[in-house]
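**Student:** Quick note, the sequences are listed as chains Y and H, same order. For the first sequence, the positions run 22 to 477 when my numbering is used. For the second sequence, the positions run 22 to 477 when my numbering is used. Even for Gly, the Cβ is constructed at its ideal location relative to N, Cα and C. Small disclaimer: the values here were computed from a predicted structure and weren't measured. Have a look at this one before I ask anything.
Protein chains: 2
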Amino acid sequence: MELTTEVFERLLKEKQYKAIKSIFDTMNPVDTAALLPQFQEREMVLLFRLIPKENAAMVFTYLDADEEQILIEAFTDNELKTIMDDMFIDDTVDVIEEMPANVVERILAASGEKRKAINEILNYPEDSAGSIMTLEYVALSPDMTIGEAIQRIKARGIHRETVNTCYVVERHKLVGIITAKDLLTEDDDCLVKDVMEDNVITVNTHTDKEEVAQMFNKYDFLALPVVDNENMLVGIVTVDDAIDVIQEEAEEDFQKMAAITPSDRPYLKTPVWRIWASRIPWLLLLMISATFTGIIISKFENALAAVPILTAFIPMLMDTGGNSGAQASVTVIRGLSLGEVTVKDIFKVMWKEFRVSIMCGATLAVASFLKVIVVDRILMHNTDVSMLIALTVGTTLCVTIICAKFIGCSLPILAKKLKFDPAVMASPFITTIVDALSLLLYFSIAMAIVPQLSAG
Amino acid sequence: MELTTEVFERLLKEKQYKAIKSIFDTMNPVDTAALLPQFQEREMVLLFRLIPKENAAMVFTYLDADEEQILIEAFTDNELKTIMDDMFIDDTVDVIEEMPANVVERILAASGEKRKAINEILNYPEDSAGSIMTLEYVALSPDMTIGEAIQRIKARGIHRETVNTCYVVERHKLVGIITAKDLLTEDDDCLVKDVMEDNVITVNTHTDKEEVAQMFNKYDFLALPVVDNENMLVGIVTVDDAIDVIQEEAEEDFQKMAAITPSDRPYLKTPVWRIWASRIPWLLLLMISATFTGIIISKFENALAAVPILTAFIPMLMDTGGNSGAQASVTVIRGLSLGEVTVKDIFKVMWKEFRVSIMCGATLAVASFLKVIVVDRILMHNTDVSMLIALTVGTTLCVTIICAKFIGCSLPILAKKLKFDPAVMASPFITTIVDALSLLLYFSIAMAIVPQLSAG
């Protein structure tokens, strides 16, 4: 795709519409959809009308909500109806969910006989399998021959989203699946029921969509049937939608871990005030909760006045504690997201992290002791740095790391247990808790070890 | 799948092998593969031999490397050969990549005629499309009719990984693709070349596998043809492998952002010393680099001695700066990973983050000013907290946030530009830099504003 926007601008200016049509004919709908937003509204609508009819609905599906709305508002009722006829129901539902009420009304009015099916999907809870499924699957009967099944697909399959897996249904109940590979490689007079796979893995309409996506990842499916409580087949989820869910889920975890309210808008297209709105609540909350660290330091003001060099190690202790906690929490949060770790593993995880934290703590304690002596005392000639200060720093670091890993690994699992989102228990929160803890530990240990303080 | 391990233990003890066979026959290979590692080596090998022949290779594919090695070592040469015959070449390559040299030799010896193809894939660079492709695709000729094509698939398609997309090849060059849907819905006497899609999107054998995975995500493909520099078709990448790459890539980013050396072992199966080894280098590095913050504080020891309350706000300033920087860096790093942001967007990103940072900085400056006055001065009766201290804290916070967002958004893009991995430029590193900067700003601003200090 080395066709630049300039080429189309030039062709538009010269009114070479036939040429544009021919170019669009060779382009993948996804690329066409990426091109359109580069143009002003008027040109965009004009260009969209030059897309070959058989690709128009697909291009429309891949546009962002803003452009979709512009186009719908420019469409005649007839144009809208043509697009809606060619779109898959699950894609239509995706569009509807992003549109204002008046546009939704026009879309539903133009959807004709699909309207009932669209309303049905819209009624499923937002994060359920029902909300991401499509109704356009191929259903076969178990007593058909392969040859009859192929005839049925020839008659009806063209408008289905996929024929790669077909569903064998008896009185609306799902009894098996048969793949395109089976249909193409088995003899025409075999019976569907003899060829089909009858141990079918299904999901319920109310299964959480993230769980559905994990099943695709686990079983390498291309499509997964969705059934209701009576095992009646109501729809299928296809792998492309599952990939979107996997990707969305990971992005949400990234955002939550960075203390950002999740949003699925592409960054460069998000207005500045929206970015601000997704970031500021967490910054405020975390800033306010840092009051505790301030209080702790105020309480130990006299200690800091007596041995001022203690202040110099506060940032290092806080950061290392925060990093250690974040390592544990991110590992556990992702393990929970991917289903590798479950709530009942909590003691296994804690025991593992305990051993890791002892090893990390000991290593860093020795390293920081040596660093304080060699760098701060010897190389930088800072005579305030005594052996006992180095010992205080090393000991605090070791204990802080053990506590940080403990908190980091257990809080996300507890959150999950209490039905909160583990990802919001991520680094920023754990850092705030670990900060307060590391300061308390630091001052307590200093009071015990450093003679100027323990005397008082 | 509510069949518990206990059921199988019981059946094994009672030597009810036929029953086990029947149960395995109804189970999905992925579930069988999840069950086996629950058993001791001897039982596991015994159970594996009870898996129906047609599923054995599939179950083997889904096992972890440890179990695969145990089985291979227990297999007779004949058993190994049967499994290798039934496995897809790309899966065999995955197994080989995890095995010690002596096991690899046995596998290659048992691979028969596939050996050449396996070696070919093994020779592609580790992260290239070539390394994840499979050679088992269906190739058709453009001058065949659909009927002839179906006959060809009946004859050869059974052992191909997918027939959902077939590849139309003329003198080894890829000229088009045709889907199972086309084959099943078009008339038998149509020509393949009239039905096929001839604008085919391909990748090169050396294309980075992450780029390949992004194309699956973008275009919703089920398979993508891999060609060499002469447009000769050499293999295909299937969507299940692309999902694995997407997932791996996200996990690696998570690990790097949490200052962990990436590993693709499941957490609960990773030995403690390995977890330690993946975490300790970063903790050490970050601890050492915190020396700078220590030096800065030592330099301003006199200021802290004169106005000790200044120390109380250090943790809050550092944390808020770190959080602000992390918000920007994680957003940009993921944008780069997903291809939403590119290196040439650097000025767009910086301008956007600049505006966001002004808004965030101003909000937090006002909020922290009020918090310091209301909470620290009035509620907690801390008379050391003057208006000028509150002003110092608020101003420092605002400037720190602006700097943190600037560093957070620009460092990952610079890293990408210099061909480093943007994800290692993530929160821990940026936190360390922002910490030092925020302290410098804090002391400089305090020196300028607070009378006790500016006088000196």
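1. Do you know offhand how far Y:Leu458's Cα is from H:Gln473's?
2. Run through DSSP, which three-state label would Y:Glu94 get?
3. Under 8 angstroms between the Cβ atoms of H:Phe390 and H:Leu412?
4. Per DSSP, which one or two residues make a beta bridge with Y:Lys440?
5. Starting from Y:Phe334, find everything on chain H with Cβ-Cβ shorter than 8 angstroms and list it in chain order.
6. What residues of chain H sit near Y:Pro10, judged by a beta carbon separation below 7 angstroms?
7. Contact defined as beta carbons within less than 8 angstroms: I believe H:Ala388 pairs with Y:Leu306. What is the distance between those atoms, to the nearest angstrom?
8. For the beta strand (DSSP E) holding Y:Lys194, just list the boundary residues, first then last.
9. Taking H:Tyr188 as part of the beta strand (DSSP E), name the residues at either end of that continuous run.
10. Taking H:Ile379 as the reference, which of Y:Thr417, Y:Asn344, Y:Ala349, Y:Trp297 has the closest Cα?
11. If H:Lys230 and H:Ser149 are in contact, beta carbons under 8 angstroms, what's the gap, nearest whole angstrom?
12. Is any beta-carbon of chain Y found at less than 8 angstroms from that of H:Ala95?
13. Considering only the beta carbon of each residue, do Y:Leu8 and H:Val362 sit closer than 8 angstroms?
14. Taking all protein chains shown into account, do 16 or more other C-beta atoms lie within 10 angstroms of the C-beta of H:Thr452, making it buried, or fewer, making it exposed?
15. Assign Y:Met22 to buried or exposed, taking buried as 16 or more other Cβ atoms, counted over all protein chains shown, within 10 Å of its Cβ.
16. Does Y:Val364 get closer than 8 angstroms to chain H when you measure Cβ to Cβ?
17. Find the nearest neighbour of H:Asn49 within the set H:Gly382, H:Ala77, H:Leu67, judged by alpha-carbon distance.
18. So for Y:Met253, helix, strand or coil by DSSP?
19. Counting only beta-carbon atoms, is H:Pro329 nearer than 8 angstroms to chain Y?
20. Tell me the start and end of each unbroken beta strand (DSSP E) in the segment 368 to 415 of chain H that is at least 3 residues and wholly inside, in chain order.
21. Between the segment 287 to 302 of chain H and chain Y, which residues of the former have a C-beta closer than 8 angstroms to a C-beta of the latter?
22. Can you tell which of H:Asn144, H:Leu68, H:Val445, H:Trp294 has its C-alpha closest to the C-alpha of H:Glu118?
23. Just list the residues that DSSP pairs Y:Glu218 with in beta bridges.
24. Are the C-beta atoms of Y:Asp210 and some chain H residue less than 8 angstroms apart?
25. Given H:Thr223, which residues of its chain have a CB within under 6 angstroms of its CB, disregarding the five upstream and five downstream residues?
26. Say whether chain Y places a C-beta atom closer than 8 angstroms to the C-beta of H:Leu385.
27. What are the boundary residues of the beta strand (DSSP E) that Y:Pro302 is part of?
28. Measure the C-alpha to C-alpha separation of Y:Met236 and H:Asp52 and round it to an integer number of angstroms.
29. For Y:Asp115, write down the residues that DSSP places opposite it in a beta bridge.
30. Would you report the Cα separation of Y:Asp85 and H:Pro73, rounded to the nearest angstrom?
31. Please confirm if the segment 110 to 129 of chain H is in contact with the segment 146 to 160 of chain H, defined as three or more CB-CB distances below 8 angstroms between the two stretches.
32. State buried or exposed for H:Ala130, treating a residue as buried only when at least 16 other CB atoms are found within 10 Å of its CB.
33. Name, please, each residue of chain H whose Cβ falls closer than 8 angstroms to the Cβ of Y:Asn76.
34. So is H:Ile198 buried or exposed if we call it buried at 16+ other beta carbons inside 10 Å?
35. Between Y:Val293 and H:Val377, how many whole angstroms is the CB-CB distance? I'm expecting something under 8 angstroms.
**Tutor:** Once the coordinates are examined:
1. Linking Y:Leu458 to H:Gln473 through their CA atoms gives a straight-line distance of about 32 angstroms.
2. If DSSP states are grouped into helix, strand and coil, Y:Glu94 belongs with the helices.
3. Contact flag set, yes.
4. Y:Lys440 is not bridged by DSSP to any residue.
5. Simply Gly315.
6. Chain Y is shown from 22 up to 477; residue 10 of chain Y falls before or after that span and cannot be answered.
7. H:Ala388 to Y:Leu306, Cβ: 11 angstroms. No contact.
8. Residue range 194 to 200 is occupied by the beta strand (DSSP E) that includes Y:Lys194.
9. Counting along the chain, the unbroken beta strand (DSSP E) around H:Tyr188 starts and ends at 186 to 191.
10. Ranking Y:Thr417, Y:Asn344, Y:Ala349, Y:Trp297 by Cα distance to H:Ile379 puts Y:Trp297 first.
11. Right, their Cβ atoms sit about 6 angstroms apart.
12. Judged by the 8 angstroms Cβ criterion, H:Ala95 is not in contact with chain Y.
13. Residue coverage of chain Y in this structure runs from 22 to 477, which leaves residue 8 of chain Y outside it and unanswerable.
14. H:Thr452 counts as buried, since no fewer than 16 other beta carbons sit within 10 angstroms of its beta carbon.
15. Low confidence applies to Y:Met22: its pLDDT is 44, below 50, so where it sits in the model is not reliable enough to give any reading.
16. Judged by the 8 angstroms Cβ criterion, Y:Val364 is not in contact with chain H.
17. Checking every option, the nearest Cα to that of H:Asn49 belongs to H:Ala77.
18. In the three-state scheme derived from DSSP, where H, G and I count as helix and E and B as strand, Y:Met253 is classed as strand.
19. For H:Pro329, the answer is yes, since a Cβ of chain Y falls inside 8 angstroms of its Cβ.
20. Counting whole runs of 3 or more residues, the segment 368 to 415 of chain H contains no beta strand (DSSP E) stretch at all.
21. When C-beta distances to chain Y are compared with 8 angstroms, the residues of the segment 287 to 302 of chain H below that value are Pro287, Tyr288, Leu289, Val293, Trp294, Ile296, Trp297, Arg300, Ile301, in chain order.
22. Relative to H:Glu118, the option among H:Asn144, H:Leu68, H:Val445, H:Trp294 whose CA is nearest is H:Asn144.
23. When DSSP reads this structure, Y:Glu218 sits in a beta bridge with Y:Ile198.
24. When Cβ-Cβ separations below 8 angstroms define contact, Y:Asp210 makes no contact with chain H.
25. Result list for H:Thr223: Pro246, Val248, in chain order.
26. Interface residue (Cβ-Cβ distance to chain Y less than 8 angstroms): H:Leu385 is classified as such.
27. Here Y:Pro302 belongs to no beta strand (DSSP E); instead the alpha helix (DSSP H) covers 293 to 310.
28. If I take the Cα positions, the gap works out to 11 angstroms.
29. DSSP, once it has assigned bridges, lists no residue as partnering Y:Asp115.
30. It is roughly 48 angstroms from the alpha-carbon of Y:Asp85 to the alpha-carbon of H:Pro73.
31. Using a Cβ-Cβ distance cut-off of 8 angstroms, the segment 110 to 129 of chain H and the segment 146 to 160 of chain H are in contact, since at least three pairs of beta carbons, one from each stretch, lie closer than that value.
32. Exposed: under 16 other Cβ atoms inside 10 Å.
33. Chain H residues near Y:Asn76: none, gap ~11 angstroms exceeds 8 angstroms.
34. Here H:Ile198 is buried. Its C-beta has 16 or more other C-beta atoms within 10 Å.
35. Going by Cβ atoms, the distance from Y:Val293 to H:Val377 rounds to 6 angstroms, so yes, they are a contact pair.
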